[in-house]
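For the sequence shown, our numbering begins at 66 and goes up steadily by one.
Virtual Cβ for every residue (Gly too), placed ideally from N, Cα, C.
Structure record follows, encoded as structure tokens.
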Amino acid sequence: MELELHILLRLWVAAILGGIVGYERGATGKRAGLRTHMLVAVGSALFMSCSDLTLDWSQGHVAAGLPSTIQVQTAMLTPVQAIATGIGFLGAGTIFLGGHRQRVHGLTTAASIWVIAAVGVVVGCDRFLLGAGASVLCLIILHVLVRFEPHPDHGAGIGSENASEEPGASVVE
66 MELELHILLR LWVAAILGGI VGYERGATGK RAGLRTHMLV AVGSALFMSC SDLTLDWSQG
126 HVAAGLPSTI QVQTAMLTPV QAIATGIGFL GAGTIFLGGH RQRVHGLTTA ASIWVIAAVG
186 VVVGCDRFLL GAGASVLCLI ILHVLVRFEP HPDHGAGIGS ENASEEPGAS VVE
């Protein structure tokens, strides 16, 4: 439980730091803004924390005659890598360019799908408190911070993933 609380602290720090960069990106009219950057930071911290979780688990389960802690960790992290990659492709499928102003849509949804994949991984490691805490943090990012984004019909603003740039600008920043 102490490890889970420490990881939750990491997630909050990651969210704040991601938010600082995301705020700047949104304020300058970039497509990926406040919430998208925060979600990506939280997901990255959560996926990285999986190594701590596997180390903690393996230290308690490695006994005489079983594989070493490093072998167990490597074996356990391989599915995590595959999940992170696969969910990245799924998230990419939610991003599209559309509307009469040819705006990018779906970046925050893609980021939230990616973070929830990390939540699923930690829950799969029997870390229910950590998964619940990360989910609550994501809900705060998605629902409370939406105030900093304008309504899509009213143009772009601070943190908006729908912020537009000059015509012909690259879809990917």
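C-alpha of Gly83 to C-alpha of Leu99: approximately 8 Å in a straight line.
Here Ala175 has Gly156, Ala157, Thr159 and Ile160 as same chain residues with Cβ atoms under 7 Å from its own Cβ, once five neighbours each way along the sequence are excluded.
The Cβ atoms of His102 and Val78 do not sit closer than 7 Å to each other. By the C-beta density criterion, Phe112 is buried, having at least 16 other C-beta atoms within 10 angstroms. Under DSSP, Phe161 takes part in a beta bridge, and its partners are His170.
When the alpha-carbon of Ala197 is set against those of Ala183, His208, Val209 and Leu210, the nearest one is in Ala183.
In summary, Glu214 is buried, with 16 or more beta-carbon neighbours lying within 10 Å of its beta-carbon over all protein chains present. Contact annotation: Val107 and Leu76 have beta-carbon atoms nearer than 7 Å. Exclusion of the five residues before and after Met66 leaves Leu194 as the residues of its chain whose Cβ lies within less than 8 Å of its Cβ.
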